[in-house]
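Using the numbering used here, the letters of the sequence shown map in sequence onto residues 2 to 429.
Heads up, the beta-carbon is just placed ideally off N, CA and C, and yes, glycines get one too.
Accompanying notes for the structure given below.
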Amino acid sequence: MNFENNLAFARALDEQDILKEMRNEYLFPQQNSKPFIYLCGNSLGLQPKVAREVLNVQLNNWQNLAVEGWFDGDSPWMFYHKELKKLMAPIVGASAAEVCPMNTLTVNLHLLMVSFYRPKGKRFKIIMEAGAFPSDQYAIESQVRFHGFDPKEAIIEVKPREGEYILATADIVKAIESNADEIALVLFGGINYFTGQFFDMKAITLAGHQVGAIVGFDLAHAAGNVPLELHNWEVDFACWCSYKYQNAGPGGISGIFVHEKHSVDQTMNRFAGWWGYKESQRFKMEKGFIPEVGADGWQVSCTQVMPMALYHASLQLFEKAGFMEKLRSKSKILTAYLFFVIDEVNKNLGEEQYKIITPKNENERGAQVSIIAKANGKLIFDELVKNNVLGDWREPNVIRLSPVPMYNSYEDVFLTGELLLTISQHLK
Ligand SMILES: Cc1ncc(COP(=O)(O)O)c(C=O)c1O
């Protein structure tokens, strides 16, 4: 598309946007009585307007039904997670049986590694991307230590080439192949939190399987952002949070995926709890854990009704938007427009003041654009916030801006570019 850097052009794109009404389903934070241009859905998605109402429904159920709420009412809590499973599945490309809402992300990463990181003999290593989100690094280090290994020996990090930010798929595949018989687990992010790079998950999964390793993904930045085909790609396991692109609120419930090929494997280690027990017999309260078939068998504790109500409401908005297809089409153009307006800022300044480290190729990124300012990065970020553009700052030097197709507009993107130019000119 031939973009133009003016308000009329941005508004014309908004006019044609078939998802434009979705924006009205969300609440925008305000500053000085003006809504923010919110470009921080990669960190915490906006509150759906219906959130308060769905919490009230559950508070009323609790008030009126109390313990009977587990089995009575319009959607008894005992089976409530099933309503979410149906809506989560199309977002990650899975069957409903392969996904389940539960716990929080890092907790699920641990629970899944308990099952899927099975070091044996010299096959004890985990391969991951260098610069993964710290919680993943800590989780993986602590898991390898738990098995008695030294993280320095047991963890292989794949790094970008000298002077680059982005990982080449060929380098990831090569790293897997060159450590073929030592790798127990390939564990990558779907999208890297810092650069916004969307990894070639299909190629990574294939490479991992070809050397006999298990392959899992942390999809914190990918689920609800880019289309995924976890089942078809034969990914073994994955987990994600719901509070970023899926707008389910701070600390919201996490989701897990376990491929159906593992769904009846009773030989795996699990840190079990009663909610993962075979559902039809759970209340017999018998000795000896029998897991429920599918992802549900990884549940530990009883249903967290309030966070699930928020996730459910948000998933219904994804259903209204037609799940990922239209969102992704808009996202590609919206993010390309952000690339364009930043490029225009550089042109207007007569120098590359802003370097984008996110891949330009639309198939290698989601909604996030990570920018390094040549100078005054934090100051520029603070000025953006003061002037009602809310992205986020990631140490040591990156401004992340995420135009989210669910609720951001082309006008948001144009105005951000305009403001960035004004700030930059004042600082010159
Ligand atoms: C890639 C990634 N992994 C893990 C986490 C941690 O998630 P939680 O605090 O929900 O466990 C985050 C949080 O932003 C993340 O971005």
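(message) Could you check whether Ile-381 and Leu-420 sit closer than 8 Å to each other, using their CB atoms as the reference points?
(response) Cβ atoms of Leu-420 and Ile-381: not closer than 8 Å.
(request) Pick helix, strand or coil for Asp-18, following the three-state DSSP scheme. (result) coil
(request) Could you check what DSSP says for Trp-241 in three-state terms: helix, strand or coil? (result) strand
(request) Name, in chain order, the residues that DSSP records as bridge partners for Trp-394. (result) For Trp-394, which the question treats as bridged, DSSP gives the partners Ile-400.
(request) Would you tell me roughly how many angstroms separate the C-alpha atoms of Glu-444 and Asp-201, rounded to the nearest one? (result) Only positions 2 to 429 of the chain appear in the structure, and residue 444 is not among them; the question remains open.
(request) Decide if Met-407 is buried, meaning its Cβ has at least 16 other Cβ atoms within 10 Å, or exposed. (result) Residue environment analysis places Met-407 among the buried positions, since at least 16 neighbouring C-beta atoms fall within 10 angstroms of its C-beta.
(message) Our contact map puts Gln-247 next to Ala-224 with C-beta atoms below 8 Å; I'd like the distance itself, whole angstroms only.
(response) 6 Å
(message) Suppose the cutoff is 6 Å on Cβ atoms and the five residues either side in sequence are ignored; what does the same chain contact list for Phe-272 look like?
(response) Same-chain partners within the cutoff: Leu-112, Val-115.
(message) By alpha-carbon positions, which one of Lys-331, Leu-402, Pro-49 ends up nearest to Ala-15?
(response) The amino acid at residue 15 is misidentified as Ala; the sequence shows Asp. Cα-wise, what sits closest to Asp-15 is Lys-331.
(request) Answer yes or no: do Leu-188 and Ile-257 have a C-beta to C-beta separation smaller than 8 Å? (result) no
(request) Give a yes or no on whether the C-beta atoms belonging to Val-236 and Thr-206 are separated by under 8 Å. (result) Taking C-beta atoms as the reference points, Val-236 and Thr-206 count as a pair closer than 8 Å.
(message) Can you tell me whether Arg-271 is helix, strand or coil according to DSSP?
(response) coil
(request) Quickly, what does DSSP pair Leu-28 with across the bridge? List them, please. (result) Gln-48
(request) Starting from Leu-186, trace the alpha helix (DSSP H) both ways and give me its first and last residue. (result) Taken as a continuous stretch (DSSP letters only), Leu-186 belongs to no alpha helix (DSSP H), being part of the beta strand (DSSP E) at 184-190.
(request) Give every residue of the same chain whose Cβ lies closer than 6 Å to the Cβ of Leu-66, excluding the five residues on either side of it in the sequence, and list them in chain order. (result) Asp-73, Gly-74
(message) When you compare the CB positions of Asn-432 and Gly-253, do they come within less than 8 Å of one another, or not?
(response) As displayed, the chain neither begins before 2 nor continues past 429, which places residue 432 out of reach and without an answer.
(message) Any heavy atom of ligand 2 closer than 7 Å to the beta-carbon of Asp-393?
(response) Ligands in the displayed structure: ligand 1; ligand 2 is not one of them.
(message) Using a Cβ-Cβ cutoff of less than 6 Å, which residues in the same chain neighbour Ser-403 once the five nearest sequence positions on both sides are dropped?
(response) Leu-40, Gly-42, Asn-43, Ala-368, Gln-369
(request) Identify which residue in Phe-341, Arg-366, Gln-354 has its Cα closest to the Cα of Gly-378. (result) Of the residues Phe-341, Arg-366, Gln-354, the one whose Cα lies closest to the Cα of Gly-378 is Gln-354.
(request) Note down the Cα distance separating His-313 from Leu-56, rounded to an integer number of angstroms. (result) 11 Å
(message) Below 7 Å, is the gap between the Cβ of Ser-136 and the nearest heavy atom of ligand 1?
(response) yes
(request) For the alpha helix (DSSP H) containing Gly-209, list its first residue and its last residue. (result) Secondary structure note for Gly-209: its alpha helix (DSSP H) is the uninterrupted segment 202-211.
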